[in-house]
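In this note's numbering, the protein residues as written are 52 to 152.
Note that CB positions come from ideal geometry on N, CA and C, so glycine has one too.
Input: a single structure, listed below in structure tokens.
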Ligand SMILES: [Zn+2]
């Protein structure tokens, strides 16, 4: 968890986070699925950073969420992804062509 905390303070992440929020028009992407417009406050790693640090800055692995939705992706006690979190994970996978670097 220590590495993860440091990650969120890096300039690179803060810039990436801002770019993802802009991409998602500052709207929670989970609420959007249900036709609701909620301001996003958090950018979520679909594949958790702890499991896949290499996906830390990948656009396809990042979504904007409101705080309640972000809370519903993670199990507070076990720190594991919840069913909703896992569903996003099933839909997000690395693009097949991105193997050049
Ligand atoms: Zn939401």
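According to DSSP, residues forming a beta bridge with residue i
i: residue 72; result: BP columns for residue 72 are empty, so no partner.
i: residue 93; result: 116
i: residue 132; result: 125
Residue i CB to nearest heavy atom of ligand 3 below 7 Å
i: residue 136; result: By its list of ligands, the structure shown excludes ligand 3, since it contains just ligand 1.
Residue j beta carbon less than 8 Å from that of residue i
i: residue 36; j: residue 94; result: Nothing about residue 36 can be reported from this structure: the residues present for the chain run from 52 to 152 only.
i: residue 108; j: residue 63; result: yes
i: residue 140; j: residue 98; result: yes
i: residue 125; j: residue 132; result: yes
First through last residue of the alpha helix (DSSP H) which encompasses residue i
i: residue 82; result: 80–84
Buried/exposed call for residue i, threshold 16 Cβ in 10 Å
i: residue 119; result: exposed
i: residue 89; result: buried
i: residue 57; result: exposed
Residues with C-beta closer than 5 Å to any heavy atom of ligand 1, in chain order: My final list is 79, 81, 82, 89, 117, 120.
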